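Numbering (the working numbering), first residue to last: 93 to 535. Glycine included, C-beta positions come from ideal geometry on N, C-alpha and C. The model shown is predicted, which means the values in this text are computed figures rather than measured ones. Notes to accompany the following structure.
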């Protein structure tokens, strides 16, 4: 069934371009004395309250900018979530009324590590990946099912979503998924899969392996899997296993290069140190030159040795530029230097550069990170900064091809995402009370 929404009643809020050293509403800037002052209003608010987890996509073919997010269907805190998309045809100065993507489903879920993810295909198809969670006797919080909806008319209507895991040959629970569209139009979805836990729970109680609560090593291994669908049918093939060493609640990232090479990044769960019960949660990258059918041995982006007993809930940013360079940005809580870091690879993920610290301190709280690259190869990185002295804020930096890092720009809020249009960037994030904000950034 198709859903429709009129493209009238556009939001006529003006979106100013933020230059380096400037900031939008909610931004804080440092004074010489170390204090913070608010900056002028420069952001569009797509929803005043009740929104969560926005993501962005730009269509270089038509110039359209899309924002997807989840929102409550009514004012009650217990109201179900629905997924919506808003489109701008003038670079983000005005947005049309949001279009509902999810088809009345009352089991839609969303989180910073599992948001409604939007992407655009080579023929301007608009794809939205979102999550349902259905009741399962084997899993306390239910079984995750990624859903993918598509629009072929620029986001004005969306066909009913398809279940990405519909053709899986084993019971699975999928989540923390990401979406990428290949240059040939094939659709790729990568996710974390809990099928081993489901299989264990299906065994008679006296046949299940012992599960020691404080010991990570004997937990059922969480898999990283990927499935592909061709654009016309949008029918996903059975998934392919990439690895079975993933941290349970950190999001997967996937990117497709112009030559068709695929990259997947995830936070590992490794137990290499004797005498320690805490797993190592560093970032791994794997590569496929075979349309996702086979994958390389995972490579560490950097040997952070970030150890954590409980699973961190974090995102990782990854993108490929026009020259095929792979860019990665991530958080680490390592005692060797906690913070947010950036590195790149010029040999398809076989080796990575020495990391550049984008945020470092004696202690840096967990931070979600997103990354996008411009045509000329500059990387834009957006991340959360929750250090107590600053409150909850979103930070954006630009890293040029020579590795020079711009001055940071700050906004009050959380859950950022970033897209590029030419050499400029567009940022979205969640403000106070669930406000969905968008601002355009000059280099």
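Could you pull the start and end residues of the beta strand (DSSP E) that residue 517 belongs to? On the chain shown, residue 517 is found 425 positions in, with the first residue counted as 1. 516-522 is the extent of the beta strand (DSSP E) around residue 517.
Leaving out five residues before and five after residue 459 in sequence, what residues of the same chain have Cβ atoms less than 6 Å from its Cβ? Indexing the chain shown from 1 puts residue 459 at position 367. Taken in chain order, the residues that qualify are 423, 432, 475 and 476.
What did DSSP end up calling residue 439 once you bin it into helix, strand or coil? In the chain shown, counting from the first residue as 1, residue 439 sits at position 347. Note: residue 439 maps to coil in three-state DSSP.
Decide if residue 520 is buried, meaning its Cβ has at least 16 other Cβ atoms within 10 Å, or exposed. Residue mapping note: residue 520 aligns to position 428 of the chain shown, counting from 1. When all chains shown are included, residue 520 counts as buried.
Per DSSP, which one or two residues make a beta bridge with residue 328? Numbered from 1 along the chain shown, position 236 holds the residue referred to as residue 328. DSSP lists 321 as partners of residue 328.
Check whether the Cβ atoms of residue 406 and residue 390 sit closer than 7 Å, and answer yes or no. Start at 1 with the first residue of the chain shown, and residue 406 comes out as number 314. Start at 1 with the first residue of the chain shown, and residue 390 comes out as number 298. In this structure, residue 390 does not lie closer than 7 Å to residue 406 by Cβ.
Nearest residue (CA-CA) to residue 439, options 452, 418 and 456: For the purposes of this step, residue 439 is taken as the residue at position 347 of the chain shown. Nearest option by C-alpha distance: 418.
Mind listing, in chain order, the continuous alpha helix (DSSP H) runs of no fewer than 4 residues lying wholly within the region 354-414? none
Looking only at its own chain, which residues have a Cβ that is under 6 Å from the Cβ of residue 489, when we skip the five neighbours before and after it? The sequence position of residue 489 within the chain shown is 397, counting from 1. Same-chain partners within the cutoff: 450, 473, 497, 498 and 500.
Can you check the region 230-254 for any alpha helix (DSSP H) of at least 4 residues that lies completely inside it and give the ranges in chain order? none
For a test of the three-state rule: what should DSSP assign to residue 287, helix, strand or coil? Taking the first residue of the chain shown as 1, we reach residue 287 at position 195. Helix.
Helix or strand or just coil, what does DSSP make of residue 293? As a first step, residue 293 must be located in the chain shown, where it is residue number 201. Residue state, collapsed to three classes: helix.
Residue 494 - DSSP class collapsed to helix/strand/coil: As a first step, residue 494 must be located in the chain shown, where it is residue number 402. It is coil, neither helix nor strand.
I'd like to check one pair, residue 434 with residue 346: are the Cβ atoms closer than 7 Å? Counted from its first residue, the chain shown places residue 346 at position 254. Counted from its first residue, the chain shown places residue 434 at position 342. No.
Looking at residue 361 and residue 336, is the spacing between their C-beta atoms short of 7 Å? On the chain shown, position 244 is the one that residue 336 refers to. On the chain shown, position 269 is the one that residue 361 refers to. No, the pair does not count as a contact, with Cβ atoms beyond the cut-off.
Would residue 320 and residue 268 be called neighbours here (beta carbons separated by less than 7 Å)? Here residue 320 corresponds to residue number 228 of the chain shown, with the count starting at 1. Here residue 268 corresponds to residue number 176 of the chain shown, with the count starting at 1. Cβ atoms of residue 320 and residue 268: not closer than 7 Å.
Under 7 Å Cβ to Cβ from residue 523, same chain only, skipping five residues before and after it: list those, please. Taking the first residue of the chain shown as 1, we reach residue 523 at position 431. The residues are 118, 504, 505 and 529.
Just to confirm before moving on: does the CB-CB distance between residue 220 and residue 208 stay below 7 Å? As a first step, residue 220 is located in the chain shown; it is residue number 128 there, counting from the start. As a first step, residue 208 is located in the chain shown; it is residue number 116 there, counting from the start. Cβ atoms of residue 220 and residue 208: closer than 7 Å.
Among 147, 355, 483 and 464, which has the Cα closest to the Cα of residue 393? In the chain shown, the residue the question calls residue 393 occupies position 301. Of the listed residues, the one whose Cα sits closest to residue 393 is 355.
Quick check on residue 145: does DSSP put it in helix, strand or coil? On the chain shown, residue 145 is found 53 positions in, with the first residue counted as 1. It is a strand residue.
Just curious, the beta strand (DSSP E) that residue 299 is in, first and last residue? Here residue 299 corresponds to residue number 207 of the chain shown, with the count starting at 1. Residue 299 -> no beta strand (DSSP E), and no H or E assigned at all.
Closest to residue 217 by CA distance: which of 353, 243, 378 and 181 is it? Numbered from its first residue, the chain shown carries residue 217 at position 125. Nearest C-alpha to residue 217: 243.
DSSP three-state label for residue 507, please. Counting from 1 along the chain shown, the entry for residue 507 is found at position 415. DSSP places residue 507 in strand when its eight states are reduced to three.
Is it buried or exposed, residue 206, if we count other Cβ atoms within 10 angstroms and call 16 or more buried? The residue given as residue 206 occupies position 114 in the chain shown. Classification of residue 206: buried, given that the 10 Å Cβ count is 16 or more.
Sort 261, 213 and 266 by Cα distance to residue 239 and report the nearest one. The count along the chain shown starts at 1 and reaches residue 239 at position 147. It is 266 whose Cα lies nearest to the Cα of residue 239.
Residue 427, DSSP secondary structure in three states: For this step, residue 427 is matched to residue 335 along the chain shown. Of the three classes helix, strand and coil, the one that applies to residue 427 here is coil, per DSSP.
Tell me whether residue 534 sits in a helix, a strand or coil according to DSSP, three-state version. To locate residue 534, count along the chain shown from 1; it is residue 442. DSSP places residue 534 in coil when its eight states are reduced to three.
Taking the beta carbon of residue 322 as the centre, do at least 16 other beta carbons fall within 10 Å, making it buried, or is it exposed? Against the chain shown, residue 322 aligns to sequence position 230. Residue 322 comes out exposed.
Between residue 287 and residue 296, what straight-line distance do the alpha-carbon atoms span, to the nearest angstrom? Indexing the chain shown from 1 puts residue 287 at position 195. Indexing the chain shown from 1 puts residue 296 at position 204. Taking the straight line from one Cα to the other gives about 16 Å.
Would you say residue 247 and residue 159 are within 7 Å of each other, going by their C-beta atoms? Stepping through the chain shown from its first residue, residue 247 is reached at position 155. Stepping through the chain shown from its first residue, residue 159 is reached at position 67. Against a cut-off of 7 Å, the Cβ pair of residue 159 and residue 247 comes out as no contact.
Member of 222, 135, 357 and 215 whose CA lies at the smallest distance from the CA of residue 163: For the purposes of this step, residue 163 is taken as residue 71 along the chain shown, with counting starting at 1. Out of 222, 135, 357 and 215, 222 has the C-alpha closest to the C-alpha of residue 163.
Would you kindly report the start and end of the unbroken beta strand (DSSP E) that includes residue 224? Counted from its first residue, the chain shown places residue 224 at position 132. Start and end: 218-228.
To the nearest angstrom, how far is it from the Cα of residue 263 to the Cα of residue 515? Translated into positions along the chain shown, residue 263 becomes position 171. Translated into positions along the chain shown, residue 515 becomes position 423. C-alpha separation (whole angstroms): 45 Å.
Residue 166 versus residue 172 - alpha carbon distance: Walking along the chain shown from the start, residue 166 turns up at place 74. Walking along the chain shown from the start, residue 172 turns up at place 80. Those two C-alpha atoms are separated by around 8 Å.
Assigned exposure category for residue 533 - 16 Cβ within 10 Å defines buried: Locating residue 533 in the chain shown gives position 441, counting from the first residue. That one is buried.
Compare the C-alpha of residue 502 against each of 509, 486, 495 and 508 and name the closest. Residue 502 sits at position 410 when you count from the first residue of the chain shown. Closest by alpha carbon: 486.
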